[in-house]
Amino acid sequence: MNEVRILVVDDEEKWRINLPELLKMHLDPRLRVDVAENYSEALHKVKVTSYDLVSVDLDLDLLGDLKDPNPLANNNLEGMNLLKECRSSARNRSCGLLVLSGRATPTAVYQALGSYGVNVFLDKHDFGDGWPYITAVQTAIRRARLNRAEHLVKNRYQLTFTYTQDGLSRAELVGPNHQSEAFASNFNFASLDDLARRADDLNLRLTSGEEGAWRLEARSIGAAVYQTVESQQKILSLLSKARAFAASQHESSLSLQFTGPPSCLSVPFELMRDEDDYFAFSNLLTRRLSQGGAPFTTKSDPFSSFIRKHLEKNEPLRILIAGADTDGSVPAVGDEVRHLANSIRSDLRILGIPNEITVLDDDVSYLRLSQALRDGQHIFHFAGHGSFDESLAERSPLILKDRDLTAADLQALTQGTELQFVFLSCCLGARTAKHTGRGDFHGFLHALSQADVPAALAYRWEVNDASALKFASDFYSFLWLNFCLGQALLSSRRKIILEKDGRDDDTWAAPVLLCQAL
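For the sequence shown, the working numbering begins at 709 and goes up steadily by one.
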């Protein structure tokens, strides 16, 4: 889990002692809880530290020793000023705000909720055994993160590149009060078939054992992908405009989406780079399949909106985590399954999101997995062996205890379910054939999109077991932090390149995120 930091501001010592103990006892002992006894001390902290939540007593003293016995004397002025400072602070403008106060005036409560975006108000007289406060903390953090996620969705610029079998055909830029498009004038650039072949061959360099042997070829492939954009001046100008818009707008970001027929999944768009760097390190980067006029998905909400609407149903978020190490060659699978289950439970407990996590980690059979998938899951994470059938992609298997689960099986088992997201943490889960032959699916991602699963993440190449565990753990931690699949992937990639092996760790290059929702 990401470190969660909370600031408790109260001028009474008993609250400064009891509230941190209560939070660590009922939410997580690893919480970082700071305290401040007056306005001046609290103001300093919110200016230098980023918090997930600031819990404020409105009736604060300026310096801690000036309290007037008249409960309406200061009219909650210092506490209100602190709320205002939080919302104007670069570090805490979107943090959760909770007011816990025993002497708040009705006017102050109204202003706190309306003007300063306080997420929850709790009267100290309703504190009881502490559970109302714990619930208020969970609600405030969750609401703040969801509000932040939905704000970013509304303010994000999205540039969609549309490809056909022949190449890039058009691009469309959509953002706050903006819509523009550009069309390709010809298809005189790098062959998409050749890019797909080179990307498949790159797997051999990744498994050669020679440190960094893949990087020169990855850079070359990425430049060739960029050439498909660079050769079209109108579309290149639209890309420049999109980057400028995103850079100039406060709290805005740029999402690059590549859409086209299923065969285009074989093109390594994630490697696209200009002379400066890979786009995957600075932009949200997703795929979408165009299906010739059919709706992309019946589940069109962004992930944050799905979570908010699901919470309104008062039903648990159901998550299936399955691990299959059928021959004992990937012992890290068991570690991945158990670690993810514990980590996700911890993150969701802090957010107060009811959940049911089903764990299958003992040589998963086809029957157990198929029954679990039909049991109303919302998220499915698979860790284990995966392979790719070059001759008939729909037979590409996830290897289970008793029999293989093919791409065609996965499509049938997930069709008509409540699944919102699938993560295939196995080798070659995102590998895609240029042609289906006599089959119906180009690979796992195509099969899942046809089953109306709106989002799926898988690895294009083979991935080291330990790296896969760490990447998955980071991905889910970022997902519960920002409730955005694309942002979670971007943050996970950035984290990889900041660690020991840096860009030599090929795990950043392997993930492909398919998002069918608009």
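Don't be surprised by glycine CBs; every beta carbon is placed ideally from N, CA and C.
Self-check item: Proximity winner among Glu919, Asp908 and Phe1191, relative to Ile929 (alpha-carbon distances)
Solution: Asp908
Quiz item: Rounded C-beta distance between Asn1190 and Ala857? I'm assuming under 8 Å.
Solution: 6 Å
Quiz prompt | Residue ranges of each beta strand (DSSP E) within the segment 802-876, 3 or longer | solution = 804-809, 828-831 and 865-872
Self-check item: Per-residue DSSP class, three states only, for Pro1219
Solution: strand
Practice problem: Kindly indicate the opening and closing residues of the alpha helix (DSSP H) around Gln1119. | Solution: Ala1115 to Thr1122 is the extent of the alpha helix (DSSP H) around Gln1119.
Quiz item: Would Thr994 pass as a contact of Leu1028 if the rule is Cβ separation under 8 Å?
Solution: no
Self-check item: Trp839 burial status per 10 Å Cβ neighbour count (16 or more: buried)
Solution: exposed
Quiz item: Taking the beta strand (DSSP E) that Asp742 falls in, what are its first and last residues?
Solution: Secondary structure note for Asp742: its beta strand (DSSP E) is the uninterrupted segment Arg740 to Ala744.
Self-check item: Cβ separation of Gln1128 and His1154, assumed to be a contact under 8 Å, to the nearest whole Å
Solution: About 18 Å separates the two Cβ atoms, so there is no contact after all.
Practice problem: Counting only the same chain and skipping the five closest in sequence on each side, list residues whose C-beta sits under 6 Å from that of Ala1002. | Solution: Unreliable placement is indicated for Ala1002, whose pLDDT of 49 sits below 50; the coordinate value is still reported in the next sentence. Around Ala1002: no qualifying Cβ.
Practice problem: Enumerate in chain order the residues of its own chain whose CB-to-CB distance from Phe987 is below 7 Å, with the five nearest sequence positions on each side excluded. | Solution: Leu964, Met980, Arg981 and Leu993
Quiz item: Going by beta carbon distance, what residues of the same chain come within less than 7 Å of Tyr934, once the five residues before and after it are set aside?
Solution: Met980, Arg981 and Asp982
Practice problem: Indicate the three-state DSSP secondary structure (helix, strand or coil) for Asp773 in the structure shown. | Solution: With a pLDDT of 43 at Asp773, under the threshold of 50, the predicted position of this residue should be treated as unreliable, though the coordinate-derived value follows. It is coil, neither helix nor strand.
Exercise. Taking Arg913 as part of the alpha helix (DSSP H), name the residues at either end of that continuous run.
Key: It spans Leu900 to Leu914 - the alpha helix (DSSP H) in which Arg913 sits, taken as one unbroken run.
Practice problem: Rank Phe1014, Lys1007, Ile1015 and Asn746 by C-alpha distance to the C-alpha of Asn789 and give the top, closest one. | Solution: Of the candidates Phe1014, Lys1007, Ile1015 and Asn746, the one whose C-alpha sits nearest the C-alpha of Asn789 is Asn746.
Self-check item: the segment 1138-1158 in contact with the segment 1218-1226 per 3-pair CB rule at 8 Å
Solution: yes
Quiz item: For the putative contact between Asn827 and Gly810, defined by C-beta atoms under 8 Å, what is the C-beta separation to the nearest angstrom?
Solution: With 8 Å as the limit, Asn827 and Gly810 do not qualify as a contact, their Cβ atoms being about 19 Å apart.
Quiz item: If Val717 sits next to Ser763, beta carbons under 8 Å apart, how far is it from one beta carbon to the other, in whole angstroms?
Solution: 7 Å
Quiz item: The alpha helix (DSSP H) with Gly1042 in it runs from where to where?
Solution: Ala1040 to Leu1059
Quiz prompt | Boundaries of the alpha helix (DSSP H) in which Leu1156 is found, first to last residue | solution = Phe1152 to Gln1158
Quiz item: Among Arg1146, Arg923, Thr936 and Asp1117, which one has its Cα closest to the Cα of Phe869?
Solution: Thr936
Quiz item: What residues in its chain sit with their C-beta under 7 Å from that of Ser1200, if we drop five residues either side in the sequence?
Solution: The answer, listed in chain order, is Phe1179, Asp1182, Phe1183 and Phe1186.
Practice problem: Go to His752, then tell me how far its alpha helix (DSSP H) extends in each direction, as first and last residue. | Solution: Tyr747 to Val756
Quiz item: Which whole runs of the beta strand (DSSP E) in the segment 990-1038 are 3 residues long or more, in chain order?
Solution: 992-997 and 1025-1032
Self-check item: Alpha-carbon to alpha-carbon, Thr1125 and Gly1084
Solution: 6 Å
Quiz item: Is it a yes or a no for the segment 872-879 touching the segment 966-975, going by three-plus beta-carbon pairs under 8 Å?
Solution: yes
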